[in-house]
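A short worksheet on the structure shown next.
Residue numbers (UniProt numbering): 1 to 414.
Encoded structure:
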């Protein structure tokens, strides 16, 4: 139970209807951690596909929603102004989260937006400004990465996040900021973390094929449950110093093999890996390979959505090319423990995946046909011809190796 001192806090959550934001609001409301929580987002709660639990928290009298596009400085000014006085903590979760976007989209949706918010936090001299970045700013090496490890972002999104991090130090002492670098975040409301792989697993149950993945089972994919991440954010509001950086990653040493094994168990499907040699050959024609992967998944996905009458959903099995390279995410998340924080979800468990799946089924955003025991995808002859022609995917019947060899043979001689 929160203390009376905690009840006096005023908190501004930027990007608060997104995946992490909704869970942070829920955590704070249910634990009575503030007297006022202002949520600022361009997507109102009514249009954010909140589940019942999250909707209840947003209905709390301590929560105030303000519709705003934080790319515009005038909107940021209004977000920070409050008749009851200054906000104690400002948590920035507002940024472009989709992969594969253009440079201008990231420049505005990450850099401009975040620095607008930091500038306003500096002007208002808030007690703590929390910038939530990403652990993809590290180099992607196999060895564990601490907060002091080499920085070499391997996604365009992470490159712009790192630019924001570098800029925060230039604000001077008026901005009391910290940086949080989470690993792959999963939990209720996740769309871009593990959920695409869960959806893909359900598709291979639907089409009755083996799920086959690029690279090997040893590819590191460090994870953190969103409940631990929001607890960490709140904890660091009280237990951190200006300019500190904290990784947030569980102790499970999650790999592609770990995730695939759990997805396989969830849907009772078979899986294997293409291996390093063939995957490196595929990399030569990666754009074509990724197109084939996504096309193979989208056809049965569309079929299942149509079968179940789902016409509008934020979910998709689409995976961006950036996320299919041989880049490790092996994050050391122990520094935060020296401040007294403990992880309540130390490893990725099957129960967490089931919870995500069941939540989306209940919301009607995921086709139940993908999970039903007796419902399968019936492909037309044209579908079969297209499948035979394309080959490489995250799952298949062994034709992927032939596709890789064909792709290499098609290259012009040097």
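Backbone N, C-alpha and C define an ideal beta-carbon position, used for all residues, glycine too.
Along the length of the region 105-132, whole beta strand (DSSP E) runs at least 3 residues long occupy 128-132, reported in chain order.
Under the three-state reduction of DSSP, residue 212 is assigned to strand. Taking a cut-off of 8 Å on C-beta distances, the region 32-51 does not touch the region 119-130, as fewer than three cross pairs fall below it.
Of the other Cβ atoms in all chains shown, fewer than 16 fall within 10 Å of the Cβ of residue 169; this residue is therefore exposed. Under the Cβ criterion (8 Å, minimum of three pairs), the region 221-229 counts as touching the region 344-359.
Contact annotation: residue 348 and residue 252 have beta-carbon atoms nearer than 8 Å.
Approximately 10 Å separates the beta-carbon atoms of residue 13 and residue 132; this is outside 8 Å, ruling out the contact.
Straight through space, the alpha carbons of residue 208 and residue 179 are spaced by roughly 44 Å. One alpha carbon belongs to residue 371, the other to residue 248, and they sit about 32 Å apart. For residue 27, same chain residues with a beta-carbon under 6 Å away, outside a window of 5 residues either side, are 230 in chain order.
Cβ-Cβ distances below 7 Å link residue 290 to 321 and 324 in the same chain, with the five nearest sequence neighbours on each side left out; the list follows chain order. Taking C-beta separations shorter than 7 Å and ignoring five residues to either side along the sequence, the partners of residue 307 in its chain run 367 and 369, following chain order. Closest option to residue 219, judged by alpha-carbon separation, among 242, 262 and 273: 273. At a Cβ-Cβ threshold of 8 Å, residue 16 and residue 40 count as neighbours.
With fewer than 16 neighbouring CB atoms inside 10 Å of its own CB, residue 81 falls in the exposed class. DSSP links residue 181 through a beta bridge to 247. Residue range 256-267 is occupied by the alpha helix (DSSP H) that includes residue 259. Of all alpha-carbon atoms in 43, 42, 32 and 70, the one lying nearest the alpha-carbon of residue 60 is that of 32. Within the model, the alpha-carbon separation for residue 154 versus residue 44 is close to 32 Å.
Excluding residues up to 5 positions away in sequence, 71 lie with their Cβ nearer than 6 Å to the Cβ of residue 108 in the same chain. Residue 150 counts as exposed, since fewer than 16 other C-beta atoms from the protein chains shown sit within 10 angstroms of its C-beta.
Put simply, of 102, 335 and 38 the residue whose alpha carbon is nearest the alpha carbon of residue 83 is 38. Excluding residues up to 5 positions away in sequence, 35 lie with their Cβ nearer than 7 Å to the Cβ of residue 8 in the same chain. When the alpha-carbon of residue 157 is set against those of 363, 138 and 78, the nearest one is in 138. Cβ neighbours of residue 359 within its own chain (closer than 7 Å, five residues either side excluded): 51 and 188. With 16 or more neighbouring CB atoms inside 10 Å of its own CB, residue 165 falls in the buried class. Within a 10 Å sphere around the beta-carbon of residue 240 sit 16 or more other beta-carbons, which makes this residue buried.
By the criterion of a C-beta distance shorter than 7 Å, residue 297 is surrounded in its chain by 200, 203 and 317, once the five residues flanking it on both sides are discounted. Taken through DSSP and simplified to helix, strand or coil, residue 14 comes out as strand.
Excluding its 5 nearest sequence neighbours in each direction, residue 88 has C-beta neighbours in its own chain below 6 Å: 9, 10 and 127, listed in chain order. According to the DSSP assignment, residue 223 belongs to the beta strand (DSSP E) that extends over 223-225.
DSSP, read as helix, strand or coil, puts residue 242 in coil.
In the structure shown, the three-state DSSP call for residue 309 is coil.
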